[in-house]
Amino acid sequence: MSAESWPPQLKEWVAKCLGQMTDANREEAQAELRGIISSAFAAKTLWSTDWNGLQLKSLMPKPPPVYNLKRKSVEGQLPGKKAKKANNNKTLAYVQDNFNDQAALNRRAERFQREHDIERNKAFQPSQKPPAKYNYRPAPAFDAAADPVRVVLYACHAVLTTFPLPQNVINWDRYTIVGTCQDIFKDYLRLTSEPKPETIRPYNVLQQTLLALKKKWKERCTYPWMCNQLKSLRQDLTVQRIKNEFTVQVYEIHARIALESIDMVEYNQCQATLRTLYDLGIPGKVEEFSAYRILMLLHGRNRSELNLYVGQLTPQQKADAAVKHALDLQRAMAMGNYHAFFELYTTAPNMGAYIMDHFIDRERAKALLVITKAYKEVPLTFITKELAFETLEDARLFLADHGADTFKDPRHPDSQKVLECKSAHAKIAEVFEEKYRRVLIKGAI
Amino acid sequence: MDIQSFMTKLADCYQNENGMELGRLLRLDRPHGRELLKEFGRRDPSEYAAHDLKKRWKNEIANPWDELGIQYVVVCAHVKRKRVVDAFGEQEVLVRKFFEYFAQNCGWTLPILFSVLEGLMSLAHDGPSFEKVAIMIEEALRLCIADTKSPPEKSRKWGAYAVFALALKSSLRAKRAPLCRAALRTLIKAVDMPPFDVYPRSHRVTYWYYRGKLHFQERDYKQVDLETHLGDLPLVLRYRVQAEESFTKAFYHCHNDATKNKERILLYLIPLRMLKGHLPASELLLRFPDIDEVFTPLVWAIRAGDLKAYDQVLEEGKLRFLPLGLWLVVQRSRDLCLRSLFRKVWLSCGELRIPVTTFQTGLRTIGVDVDVSQVACYVGLMLHKGFMAGHIIHEGNTVTVALQQFDPFPKAAAARPCSVPVTL
């Protein structure tokens, strides 16, 4: 079925374009080609378009580009330039090269294409297959639910490589499927062989599925079932190589639901995929998920990653309220400012609070250490308020958990209890060592 | 210099065991590299390397210098045409060839080793190549250490610390902790080495510098970690103290004229000491203008107790500190700023019982507007960290800070429990 779905004119045109590409414009042309074909596919104008008449913008002659590249490493300078190595004091160095040499240009483009691929693959989890090499073609058995984007990339590379052989175009066909299944709800089954079109739902059905799932979630269904449905939805998207705003939506929704249901493994998977989708330029709630990422890094106390991530935030990201919130949180934590921390907890935007829940107890214990050192005695009401407990009871239970419920008069009702700080402090310090020493994050990036 | 004279020189130096000169000849940042290529005019020498150069020069001078010479020309050609990937590849081949030779010879070849390794490092351009470099340098380290045949004064072991420093440098750059630790293990396991103190000073200083960096970053590689403001629990403390010790030694032993190196050390040393509550003296900062530029605004803000100014400087200095991994450290010195401010409030009050609202007013004067409970939290933090001594008391609706009579504001440095004297 697949082989017939591609018009011969399209195949010829693609071959022609490939022949016209040079190393300099290859990346752009590929991207353009991908864009045109996938939108035609989505709009079902594959057969009606006059492919011969189309001209790729990037293939039109233009002056050679001047590369102005930001390098992470300052040591990108060639020795011939007599640059001082590892000048850590300086800000990120710009490597400006005067390119008179077309061959150098080409090699550079190639190198950055490779780097780009490597960077992209870094976002994937270790459980997945080895990183994509230029002409690597995946075996038919692949875990479609894992990553739709890479499948797309494979397929595109298969078509748009240096050698425009007809069989590459045919291979692309091999991995494109248009489904016929009309079931709204479908269970998730890991793919072990090539998917059959009758089991895959086409795009329009998937859209209905999402709406139905959203409704179901509002009416309260179980998380395992929901997760199952979403995974199969993701799988169908992957297999049909649909990657657009809808895909982003699906992943965002699943991520949020996973957060709410404290499924960190699934959440991390979605987060990773979303990153790659955003990198391709597909719009979505980029800032919201940047904020989540910062919160996750705070949770994992991954200082070096945090350092790096904060350093490369765009001004647009930094201006967003959710990201600002996360950064304020980081500052509060750095200073140990528990008051600000808990205020930020109560005002956490989107689903940030769910991530914070993972380390809120640790922060509460830390705050208590400070409070019990500074005050001689302190009312339970104060603790409840400062540490954002929902009820006095919760606060008291927390203290009891840490062996620190030493009250002046334990027989008083909660609203009048006053904590004896000195003994409480000693107890909490002890318990802290055992309880909060290690952080385990499942499936984290 | 043309290729003929280049090759002749190689042969000469090799026969006289002139390591320094050979090292110089094989460096990539010298003008003679480019001069050699003039012979080829506009043709690309790398295209001829496989045939012509080898045909002409192979076996003209003793092996491996003929091949090394040829490789060198090829690398220079790539460098000239800015083909970094190819240059790196060819330099790798050169280094490998040299390793074979190096393993059979003694210490006079060390300068050459340094040159070729440095050349390799300068050509590394991306993640995988950084890793390759780190691995190769570790191999070089093993070759240095495993020298059993040479007489002790001429042993290859004399290069151990210098190469180790290079190994750390490249693994830090590659951001691969296991590589750092592998190099460290190799060094530690070495037997029969000359005592550290008799190594040349420059080797020792470089060693200390990179060791310091490694200690500094070790705290990230171990997941067992807690926020340090909590009174410096042992593990994190250990890394910081070790890092500080290393950097201090590097600084004091560093040659007086090596200003740039001193500055690089200070960039790490100063924030580490600030964490302990020691601010850099203005005399120190005046001697090093680059460092002065970076730290004076911070120090000034701290001394003045101006939180707002401090935050601003922090924001502006982000770009500088982030690549070094120092930004989070510098952020933590914020307490010192707060401490100064509160101390000023106390001095202007003159009393030991101060309502929290007074501190709040103090904050307002520098433009920081927060509510009373936040100020109480700040005071609590100061008390906890030992910058202030006393208690907070809730009396009905008012919250008062009762400072202790003797030394309510201990010296910042004394307050930090990790004041370990550093041995030079």
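As you go down the protein sequences, you meet chains L and U in turn. Throughout the first sequence, residue numbering follows this note's numbering, covering 162 to 606 in sequence. Throughout the second sequence, residue numbering follows this note's numbering, covering 334 to 757 in sequence. Heads up, the beta-carbon is just placed ideally off N, CA and C, and yes, glycines get one too. Note that the structure is predicted; figures quoted are calculated from it, not measured.
Bridge partner(s) assigned by DSSP for residue i
| i | result |
| --- | --- |
| GLY723/U | LEU736/U |
| ILE687/U | VAL734/U |
| GLU728/U | THR731/U |
Residues near residue i in its chain [Cβ-Cβ closer than 7 Å; skip 5 each side]
| i | result |
| --- | --- |
| THR210/L | ALA201 |
| SER462/U | PHE421 |
| SER579/U | TRP541, ARG544, GLY545 and HIS548 |
| TYR506/L | ALA514, MET517, ILE521 and ALA549 |
| ALA419/L | GLU427, TYR428 and CYS431 |
| ALA280/U | Nothing in the structure corresponds to residue 280/U, since chain U is present only between 334 and 757. |
| LYS413/U | ARG367 and LEU370 |
| HIS586/U | ARG534, ARG537 and VAL538 |
Interface residues of chain L facing residue i [CB-CB closer than 7 Å]
| i | result |
| --- | --- |
| ILE725/U | ALA535 and TYR536 |
| ARG665/U | ALA495 |
| GLN707/U | HIS500 and ALA501 |
Own chain partners of residue i with C-beta closer than 6 Å, once the 5 adjacent residues on each side are dropped
| i | result |
| --- | --- |
| THR341/U | none |
| VAL632/U | LEU612 |
| THR341/L | PRO358 and GLU359 |
| HIS365/U | MET334 |
| LEU499/U | LEU450 and ILE470 |
| ALA493/L | ALA501 and PHE502 |
Proximal residues of chain L, C-beta to C-beta of residue i below 9 Å
| i | result |
| --- | --- |
| HIS548/U | The premise fails here: HIS548/U is roughly 14 Å from chain L at the closest Cβ pair, so nothing lies under 9 Å. |
| SER615/U | Within chain L, no residue comes near SER615/U; the closest Cβ sits about 20 Å away, beyond 9 Å. |
| ASP668/U | MET496 and GLY497 |
Straight-line Cα distance separating residue j from residue i
| i | j | result |
| --- | --- | --- |
| VAL646/U | VAL627/U | 9 Å |
| LYS677/U | VAL411/L | 56 Å |
| ASP623/U | LEU617/U | 12 Å |
| SER393/L | HIS460/L | 30 Å |
| LEU343/U | ARG360/U | 13 Å |
| GLN575/U | GLU355/L | 57 Å |
| ASN250/L | PHE654/U | Summary for ASN250/L: the model assigns pLDDT 35, below 50, so the residue's position carries little reliability; its value from the coordinates is reported in the next sentence. So the alpha carbons of these two residues sit roughly 8 Å apart. |
| LYS593/U | TYR542/U | 13 Å |
| THR475/L | LYS377/L | 37 Å |
| ILE394/U | ILE403/U | 11 Å |
| HIS519/L | ALA549/L | 15 Å |
| THR353/L | VAL426/L | 22 Å |
| MET355/U | TYR347/U | The identity of residue 355/U in the sequence shown is Leu, whereas the question assumes Met. Their backbone Cα atoms lie some 7 Å apart in a straight line. |
| SER338/U | VAL406/U | 13 Å |
| TRP208/L | ALA482/L | 46 Å |
| MET721/U | TYR494/U | 45 Å |
| ALA473/U | PHE432/U | 7 Å |
| ARG571/U | ARG606/U | 14 Å |
| GLY658/U | GLN707/U | 29 Å |
| GLU464/U | GLY695/U | 52 Å |
| GLU770/U | LYS641/U | The structure shown does not extend to residue 770/U, since chain U spans only 334 to 757, so no value can be given for it. |
| VAL538/U | ALA583/U | 5 Å |
| LEU661/U | LEU372/L | 44 Å |
| ASP480/U | LEU599/U | 36 Å |
| TRP423/U | GLU596/U | In the sequence as presented, Trp is not what sits at residue 423/U; that position holds Glu. So the two alpha carbons sit approximately 34 Å from each other. |
Contact list for residue i against chain U, beta-carbon separation under 8 Å
| i | result |
| --- | --- |
| ASN389/L | Result: empty, since nearest Cβ-Cβ is about 32 Å, beyond 8 Å. |
| MET512/L | Going along chain U, no residue has its Cβ under 8 Å from MET512/L, so there is no contact; the nearest lies around 24 Å. |
| ILE532/L | GLY713 |
| VAL539/L | HIS727 |
| ARG492/L | GLN664 |
Listed by chain order, chain U residues near residue i by CB distance under 9 Å
| i | result |
| --- | --- |
| TYR499/L | CYS710, GLY713 and LEU714 |
| GLY472/L | LYS651, LEU652, LEU655, PRO656 and TRP660 |
Residues of its chain near residue i, where Cβ-Cβ distance is below 8 Å and the 5 sequence neighbours each way are ignored
| i | result |
| --- | --- |
| GLN738/U | LEU685 |
| ALA526/L | HIS563, ILE589, VAL592, PHE593, LYS596 and TYR597 |
Neighbour list for residue i in chain L, Cβ cutoff strictly below 8 Å
| i | result |
| --- | --- |
| GLY658/U | ARG464, SER465 and ASN468 |
| LEU359/U | Those do not exist, as LEU359/U stays about 12 Å from chain L at its closest Cβ, beyond 8 Å. |
| LEU501/U | The premise fails here: LEU501/U is roughly 12 Å from chain L at the closest Cβ pair, so nothing lies under 8 Å. |
Whole alpha helix (DSSP H) runs in the stretch 442 to 524 of chain U with 4 or more residues, listed along the chain? 443 to 456, 460 to 478, 493 to 507 and 510 to 522
As an exercise, report each continuous alpha helix (DSSP H) stretch of at least 4 residues that is fully enclosed by the stretch 405 to 457 of chain L, in chain order. 406 to 421 and 425 to 440
So within the stretch 572 to 639 of chain U, which uninterrupted alpha helix (DSSP H) runs reach at least 4 residues, ignoring any that extend past its ends? 592 to 608, 615 to 620 and 622 to 637
List, from N- to C-terminal side, the alpha helix (DSSP H) runs of 4 residues or more that fit wholly inside the stretch 524 to 587 of chain L. 541 to 547 and 553 to 562
In chain order, which alpha helix (DSSP H) runs of at least 4 residues are fully inside the stretch 172 to 216 of chain L? 187 to 203
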